[in-house]
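Everything on this sheet refers to the single structure shown next.
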Amino acid sequence: MTNEPTTTDAAAPVPGRAHAVFGAPSAADRQRAKNSARGPLFEERVPWVAVAVFMAIAFAGAWLVALPLWTSGEGLAHPLFGILAGVMMFTPALATLVVVLWVRRPASIPRFLGLAPMRPAGRTWLFIAIGFVGFTALPFAAMLLGDAMGLIRLDFDGLSGVQAMLDAVAATPGATGVPLEASTVVLLTLVSLPFLTIVNSIAAFGEEVGWRGWLLPALRPLGTIPALILSGVVWGLWHAPIILLGYNYQRTDLVGVACMVVFCVLGGFVMGWLRLRSASVWPAVVAHAAINTATSQFLLFADADSLADGDGVWGSLLGWPGWIILAIVSLALIVTRQVWKQPQPGLTLAESRVSA
381 MTNEPTTTDA
391 AAPVPGRAHA
401 VFGAPSAADR
411 QRAKNSARGP
421 LFEERVPWVA
431 VAVFMAIAFA
441 GAWLVALPLW
451 TSGEGLAHPL
461 FGILAGVMMF
471 TPALATLVVV
481 LWVRRPASIP
491 RFLGLAPMRP
501 AGRTWLFIAI
511 GFVGFTALPF
521 AAMLLGDAMG
531 LIRLDFDGLS
541 GVQAMLDAVA
551 ATPGATGVPL
561 EASTVVLLTL
571 VSLPFLTIVN
581 SIAAFGEEVG
591 WRGWLLPALR
601 PLGTIPALIL
611 SGVVWGLWHA
621 PIILLGYNYQ
631 RTDLVGVACM
641 VVFCVLGGFV
651 MGWLRLRSAS
661 VWPAVVAHAA
671 INTATSQFLL
681 FADADSLADG
691 DGVWGSLLGW
701 PGWIILAIVS
711 LALIVTRQVW
721 KQPQPGLTLA
731 ESRVSA
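The numbering of the sequence shown is our numbering, which starts it at 381 and goes up by one.
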């Protein structure tokens, strides 16, 4: 008896699930038959050649896209940085496309990547909601903890961070328009979070279809926890082209890359759980988009001086508070054994259970 869930798709009828009409197969039975015909969801061995090709394309693509930032000497100040960073997010998707079409084609590409089926719809939408709410709240919770730890100062009353931004905009030559109150900017930002998350989901999909869509299931034969950790390490290292320019951690050495790996292992563990628990990549896509959106937006609550010294990141989700919270959540998923609850595509957890 192991901690890992059964990965075979052949299933026996589940007690209490009566057939719809005198021996006619139920929807669950039809889905089981479809899953069985396509073979096991996870392979018995890791397809290391496919993994190597995937990593080569994703990593080489990331460095190629980021090359203008390096050759220009402008780094993160390059006028096209935002566009290049967005394009870089689609290199894992490109790697996935090459691997599933020409290196190791699964019986069903949508099924293996977690793109479909989205049934049971209730489960899929539940975990999409968990991904959005949880990863929108995490950056705020991390900042509260960072403030308590003395790593960042928050200013809910004066909103000095927002005011400093507004003053900088007003001082820009040619700036026109009616100045906004800091409180109005914060309110508009909070109201726009769902919309911004939806928009950011497009770019987040480019990464997630690779990391949690293809790589995590490909590594799954190693065991759930090793696969979650290793896929997080790969995800973190992939960020090196911009981290080494000072992105996120304001460090241009391997320490910055190591910090990003720590964050990606912890954050990827929870996102990976969303992927495996829902049998769908979409909750991870939304979670990734939410964290990208909220982490930057909640900096509005930081004190202006706290942001000016450049060390504010250590009091945010990317720093110690975020690492602590994500580690606690990850441990909770392990202790409660939630991390090993992995239903078959199109089936509930109960319907996925098979006879030993």
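For every residue, glycine included, the Cβ atom is placed at its ideal position computed from N, Cα and C.
Note that this is a predicted model, so its numbers are computed, not measured.
Which value, in whole angstroms, describes the spacing of the CA atoms of residue i and residue j?
i: K721; j: L481; result: 29 Å
i: P606; j: L625; result: 30 Å
i: R631; j: A620; result: 11 Å
i: W700; j: V645; result: 14 Å
i: R655; j: L713; result: 13 Å
i: L524; j: S696; result: 9 Å
i: A438; j: L474; result: 7 Å
i: V579; j: V571; result: 14 Å
i: A465; j: A487; result: 33 Å
i: F515; j: F678; result: 12 Å
i: N672; j: S710; result: 19 Å
i: G455; j: G502; result: 45 Å
For the alpha helix (DSSP H) containing residue i, list its first residue and its last residue.
i: G502; result: A501 to A528
i: V661; result: That residue, V661, is in no alpha helix (DSSP H); it is neither H nor E in DSSP.
i: R491; result: I489 to L493
i: I623; result: A620 to I623
i: G586; result: A562 to G590
i: W700; result: W700 to V715
i: V479; result: Run containing V479: none; DSSP gives neither H nor E here.
i: M468; result: F461 to M468
i: P723; result: P723 -> no alpha helix (DSSP H), and no H or E assigned at all.
i: E731; result: L729 to S732
i: M435; result: W428 to T451
Should residue i go down as buried or exposed, given a rule of 16 or more other Cβ atoms within 10 Å for buried?
i: E424; result: exposed
i: P448; result: exposed
i: T675; result: buried
i: F681; result: buried
i: L421; result: buried
i: I508; result: buried
i: I705; result: buried
i: G612; result: buried
i: P574; result: exposed
Might you give, ordered along the chain, the residues of its own chain that have their beta carbon closer than 6 Å to the beta carbon of residue i, omitting 5 neighbours on each side?
i: V401; result: Unreliable positioning characterises V401 in this predicted model, as indicated by a pLDDT of 49, which lies under 50. The coordinate reading is nonetheless provided below. Same-chain partners within the cutoff: there are none.
i: F585; result: V665
i: Q411; result: G726 and L727
To which residues of the same chain is residue i closer than 8 Å at the C-beta, ignoring the five residues directly before and after it?
i: Q543; result: A562 and A684
i: M468; result: G441, A442, V445, A446, P621 and I622
i: V431; result: L595, A598 and L599
i: V693; result: N628, Y629, Q630 and G699
i: T504; result: M498, S658, S660, W662 and P663
Verify whether the separation of the beta carbon atoms of residue i and residue j is less than 9 Å.
i: A670; j: F536; result: no
i: F643; j: W703; result: yes
i: W615; j: G648; result: yes
i: E588; j: H668; result: yes
i: Y629; j: V635; result: yes
i: L495; j: G593; result: yes
i: L546; j: S686; result: no
i: L727; j: P500; result: yes
i: I489; j: D691; result: no
i: L483; j: V429; result: In the sequence as displayed, the identity of residue 483 is Val instead of Leu. For V483 and V429, yes; Cβs fall inside 9 Å.
Can you list, in chain order, the residues of its chain whose CB lies under 7 Å from that of residue i, leaving out five sequence neighbours each side?
i: S540; result: D683 and A684
Please report whether the beta-carbon of residue i lies at a distance below 9 Å from any beta-carbon of chain C.
i: M651; result: The displayed structure is made up of one protein chain only, and chain C is not part of it.
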